[in-house]
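Per the working numbering, the sequence shown starts with residue -17, numbered consecutively. Just so you know, even glycine gets a beta-carbon here, dropped at the ideal spot from N, CA and C. Note that the structure is a prediction, hence the values are computed from the model and not measured.
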Amino acid sequence: MPDRTCIVCRTKGSTNIFFRMVISPVGDVVSELGRKLPGRGAHCCFNMKCISKLGSSNCLEVALKRGNFRFDTGELVQNVMMLLRQNLEGMLVASKRKGRLTYGKEAVFKKIRLSKMGKPFVSKDISPRSLMNLKHVSKEFYTLPFTMYELGELLSRKPVGVLFIDEPLFVNSICLRLMQGHAISNV
Ligand SMILES: [Zn+2]
């Protein structure tokens, strides 16, 4: 895994702890997770400390070796949040496709008792009663930035309040994206 560096704080790490920015053909700064967009790119951490300095310092100009581009911090934040959300959706769908995602309260509670590797996740609008039931069987769970209805749509079934993923790689990647989303929005 090649090391990347945040152009603001100079933190080094693997690709998935940064987002990447390039200048589009029409001169806008566009962002992505991973590394697909062509051209010279610049990486930045998923936190407002670094993001807010992108617009107020010249580090983007220096890293991208160009001056005349359009950059808006608010737009960038919105875009990065959308990318994180799409990435989460992709991982949930992939977990389901691989048969590593369980839904339905009964099935999830059974999994919690039997699986040592997986973790439960809940919709952001889970009912207080379901949440209380879940807390009886599991101390650890994570809240997804989706409503029950949105999760149902995504997994093509009825609304989903609680689900379980028993593949550690998916669990870790989803938790990383959730943390990154919090680091941007909770400021
Ligand atoms: Zn940084």
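Sub-7 angstroms separation of residue i and residue j beta-carbons
i, j, result
"residue 134", "residue 144", "no"
"residue 74", "residue 159", "no"
"residue 129", "residue 104", "no"
"residue -11", "residue 51", "no"
"residue 2", "residue 22", "no"
"residue 25", "residue 53", "no"
"residue 65", "residue 15", "yes"
"residue 13", "residue 62", "yes"
Per-residue DSSP class, three states only, for residue i
i, result
"residue 14", "strand"
"residue 137", "coil"
"residue -1", "helix"
"residue 5", "strand"
"residue 147", "strand"
"residue -9", "coil"
"residue 103", "strand"
"residue 126", "coil"
"residue 83", "strand"
"residue 159", "helix"
"residue 111", "helix"
"residue 48", "coil"
"residue 95", "helix"
"residue 67", "helix"
Buried or exposed by the 16-neighbour rule on C-beta atoms within 10 Å, applied to residue i
i, result
"residue 32", "buried"
"residue 49", "exposed"
"residue 83", "buried"
"residue -15", "exposed"
"residue 36", "buried"
"residue 46", "buried"
Cβ separation of residue i and residue j, assumed to be a contact under 8 angstroms, to the nearest whole Å
i, j, result
"residue -13", "residue 27", "Between residue 27 and residue -13 the Cβ distance is about 10 angstroms, and since that is not below 8 angstroms, they are no contact."
"residue 153", "residue 100", "6 angstroms"
"residue 185", "residue 78", "Residue 185 cannot be examined here, being either before or after the span of the chain that is shown, -17 to 169."
"residue 93", "residue 148", "6 angstroms"
Alpha-carbon to alpha-carbon, residue j and residue i
i, j, result
"residue 11", "residue 110", "42 angstroms"
"residue 7", "residue 20", "10 angstroms"
"residue 132", "residue 68", "12 angstroms"
"residue 98", "residue 163", "26 angstroms"
"residue 165", "residue 42", "21 angstroms"
"residue 156", "residue 122", "14 angstroms"
"residue 127", "residue -9", "28 angstroms"
"residue 113", "residue 167", "23 angstroms"
"residue 150", "residue 120", "17 angstroms"
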